[in-house]
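Taken in sequence, the protein lines are chains A and B. Heads up: the first sequence runs through residues 22 to 334, numbered per the working numbering. Heads up: the second sequence runs through residues 4 to 371, numbered per the working numbering. Take a look at the structure below.
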Amino acid sequence: MNKNRIKVGIPRALLYHTYYPMWKTFFEELDCQIVVSEPTSKVTLDKGVKNTVDEACLPVKAFVGHVLELGSKVDWVFVPRLISVEERTYICPKFLGLPDMIKHTLPSEIPILEVDVNLYRRKEDIWKTAWDIGLKFKVTPVKVWRALQKSLVIWRLHCEALLEEGKDLKKGLTIALIGHPYNLYDEYINMNLIKRLKNNGINVITPEHVPEPIIQEYAARLPKKLFWSMGKTLIGSAYHLIEHPQVDGMIHIAAFGCGPDSFTGELIERRCRRLGKPILNLNLDEHTGEAGIVTRLEAFIDMLEWRKSQCLG
Amino acid sequence: MSRMKITFPHMGNMYITVKALLEPLGVKVVIPPKTNKATITKGVQTSPEFACLPLKVNMGNFMEAYKEGANTILMAGGIGPCRFGYYAQIQREILGDLGYEFDMVVLEPPEKHIGELFVNIKKVTGQTSWLRIYQALKFAWQKLLLVDTLEKEIFRYRPRVKDFDALEKFYNKGLAAIDAAQSYKELSSVRKNLWRELSSFEVDWEKQCLKIALVGEIYVLLDDYINFDIARKLGRMGVEVDRSIFLSEWVNEHLFKGLLPGIKSSNHAHLAARPWIKTFIGGHGQETVGHTVLYSQEGYDGVIQLAPFTCMPEIVAQSILPKVSALHGIPTLSIIVDEHSGEAGLVTRLEAFIDLISRKNYQRREVI
């Protein structure tokens, strides 16, 4: 007997770029059919920009565009309220209010699956989120439990695979690319930055390639603990990579108007300057021109190669 | 006594309260020059481009206070997600790199780090006994209450008073008098004089005035230089203003868990916001929406949201406000402020807003 599977739409934006393997496994274990929106395009971004307040940051505008593209093609669009994914930290206010922003600015025909993810007190509270979804989809607690465990295992394997990737450094320039996953891995938003670098024979190290204990150790060196989990990851990985002898330079990517990045970017830039590591700051918004980015990138790479040839690095 | 010369950022009339708290404890206080164009220029030049405006203004205040001899900064901290919680750390880095020799004392919120808070308070007050600290707190609190009560009266008087400029002169003199009072006795006599002089103004209490509420982020709401003295401008246009945040109410809520008697709390604002914003989103984002709902229920004619550029909680509120406005039938206007904001632009928008509301009300009366 094949009853109609629930279609869950996942917008290809924001924390999709971090947690997709986990979410996919979880929903599929609950017998749902996953529909992911198409990769970001001009159309997506335009839709998002038109339907979001000007002041919102670019990644949020992209997210809105993706939600609109999924629209009513699915039974539910997954827009979790990500209050906290790590104990005693938040992500950023926009994540806290994301489902509310979506609900009250987009057409109400779009069905939003909003569940709270709040690990502020304990990381075991992820069970509450799973439970809420299970209730909504009328799934038995046992099945929900199994789905959660499996998705966490898949997630762990995914992170370990990423770490392995980071160990494989070939000869040539090595650049540390510091930014949130939704800025680093959305090829439209960052104009295919990673591919461009790799095509130039450059090794790219991202925060995903740095083991968690190292990130926590370096982040703990801050005089005050940072209360943004993603900011902590950026600082922890950046501070570590600044000291990495093989890293020739750092590129910091931030979205225009990103609150936390304006602060963490400042700290990272100052540290680079203090320790003599070249750093390029790229700021992305919906008006960013490809030519401008390419020019700055080429100049930066040229400078790094010159430094290396002079054995200054 | 220590060689500490303490300064702190400006936020509207806050300096009166902080001064009243520290000076009786023998602390040398250096109040930064009143925020002005040079303050903002200095701050902007030295701060991250996309930092929110309050951080930049703070930096300007600190640099100007340094010139006047300050060597220690007293700042507040926070637990996020609003950036304010990390201001002190960023400011410390920047000032250090620029060569300013400042010590920083950061008071973190009591819920999480209560032991550290006591240590920091002692750093500032030195050998002073806890009893004297308590007495200074009480005195500073009385001043704060008087400052806020005076301002609330001014909000009521401004649109209705015959001689607007005389009222403004009275208000400024009043604030200075409160600031100068050194004892309960002096403060009491200042209070008596204020109410006596206020009641001598010629006022038309029958006049029908538009009522507009100001909501949004606390710094822009409370600092009259940064918000272009919007409350005064509205008063001059014949509008009675209310503000969703007063420092005394904020102190009661955040430092005394809302337990001080006779002060409004913002619990009802949180409740009113629930259908729109389910959870705490940092800063005053949830309250902005909640207050808008409450003000519309209290029959206000319009709500103006004030926020610094890139203020994250207020951006969330801003995107939801249009629907709140439509559902509750209350016109709203969002004014985002940054270092490039011009006064003329603001005035134009205010006049257009007031125009629109007046016409709407007039039409409503016609229909009836």
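The beta-carbon is built from N, C-alpha and C at its ideal position, and this holds for glycine as well. These numbers come from a predicted model, not from an experiment.
Residue i versus residue j: straight-line alpha-carbon distance, rounded
i                      : j                      : result
residue 328 of chain A : residue 197 of chain A : 16 Å
residue 90 of chain B  : residue 302 of chain A : 21 Å
residue 281 of chain A : residue 287 of chain B : 17 Å
residue 226 of chain A : residue 124 of chain B : 44 Å
residue 75 of chain A  : residue 120 of chain A : 18 Å
residue 57 of chain A  : residue 97 of chain B  : 43 Å
residue 315 of chain A : residue 306 of chain A : 15 Å
residue 301 of chain B : residue 269 of chain B : 15 Å
residue 157 of chain A : residue 293 of chain B : 28 Å
residue 189 of chain A : residue 260 of chain B : 54 Å
residue 163 of chain A : residue 169 of chain A : 10 Å
residue 210 of chain B : residue 347 of chain B : 28 Å
residue 88 of chain A  : residue 119 of chain B : 45 Å
residue 114 of chain A : residue 287 of chain A : 20 Å
residue 165 of chain A : residue 285 of chain B : 32 Å
residue 34 of chain B  : residue 61 of chain B  : 12 Å
residue 254 of chain B : residue 176 of chain A : 44 Å
Residue-level contact to chain A via CB, residue i, 9 Å cutoff
i                      : result
residue 144 of chain B : no
residue 283 of chain B : yes
residue 97 of chain B  : yes
residue 198 of chain B : no
residue 89 of chain B  : yes
residue 247 of chain B : no
residue 62 of chain B  : no
residue 35 of chain B  : no
residue 295 of chain B : no
residue 45 of chain B  : no
residue 371 of chain B : Residue placement at residue 371 of chain B cannot be trusted, given a pLDDT of 41 that sits under 50; what the coordinates show is reported in the next sentence. Output row for residue 371 of chain B: interface = no.
residue 112 of chain B : no
Coil, strand or helix - residue i by DSSP
i                      : result
residue 225 of chain A : strand
residue 161 of chain A : coil
residue 8 of chain B   : strand
residue 335 of chain B : strand
residue 71 of chain A  : helix
residue 30 of chain B  : coil
residue 334 of chain A : Bear in mind that the predicted position of residue 334 of chain A carries a pLDDT of just 48, short of 50, making it unreliable; the figure below should be weighed with that in mind. Correct three-state label for residue 334 of chain A: coil.
residue 243 of chain B : strand
residue 87 of chain B  : helix
residue 30 of chain A  : strand
residue 311 of chain B : strand
residue 289 of chain B : helix
residue 323 of chain A : helix
Reference residue i, options the options, closest by Cα
i                      : options                       : result
residue 172 of chain A : A/186, A/185, A/151 and A/183 : A/151
residue 166 of chain B : B/180, B/238, B/9 and B/255   : B/238
residue 7 of chain B   : B/42, B/314, B/38 and B/69    : B/69
residue 277 of chain A : A/127, A/119, A/125 and A/83  : A/83
residue 212 of chain A : A/147, A/309 and A/44         : A/309
residue 359 of chain B : B/193, B/213 and B/207        : B/213
residue 27 of chain B  : B/46, B/141 and B/94          : B/141
residue 63 of chain A  : A/236, A/44, A/319 and A/90   : A/90
residue 52 of chain A  : A/27, A/61, A/66 and A/44     : A/27
residue 219 of chain A : A/79, A/193 and A/177         : A/193
residue 221 of chain A : A/323, A/137 and A/99         : A/323
residue 329 of chain B : B/215, B/250 and B/296        : B/296
residue 126 of chain A : B/170, B/318, B/356 and B/231 : B/318
residue 178 of chain A : A/46, A/238 and A/254         : A/46
residue 249 of chain B : B/36, B/147 and B/350         : B/147
residue 226 of chain B : B/252, B/310 and B/25         : B/310
residue 200 of chain A : A/255, A/78, A/102 and A/217  : A/255
Residue interval of the beta strand (DSSP E) (run including residue i)
i                      : result
residue 271 of chain A : 270-276
residue 215 of chain B : 213-219
residue 263 of chain B : From DSSP, residue 263 of chain B is part of no beta strand (DSSP E); its letter is neither H nor E.
Endpoints, alpha helix (DSSP H) assigned at residue i
i                      : result
residue 155 of chain B : 133-160
residue 253 of chain B : 250-258
residue 17 of chain B  : 17-25
residue 128 of chain B : 117-128
Proximity test, Cβ basis, 9 Å: residue i and chain B
i                      : result
residue 222 of chain A : no
residue 67 of chain A  : no
residue 143 of chain A : no
residue 97 of chain A  : no
residue 132 of chain A : no
residue 84 of chain A  : no
residue 278 of chain A : yes
Residue i CB to nearest heavy atom of the ligand COA below 8 Å
i                      : result
residue 197 of chain B : Among the components modelled here there is no ligand, and therefore nothing to report on the ligand COA.
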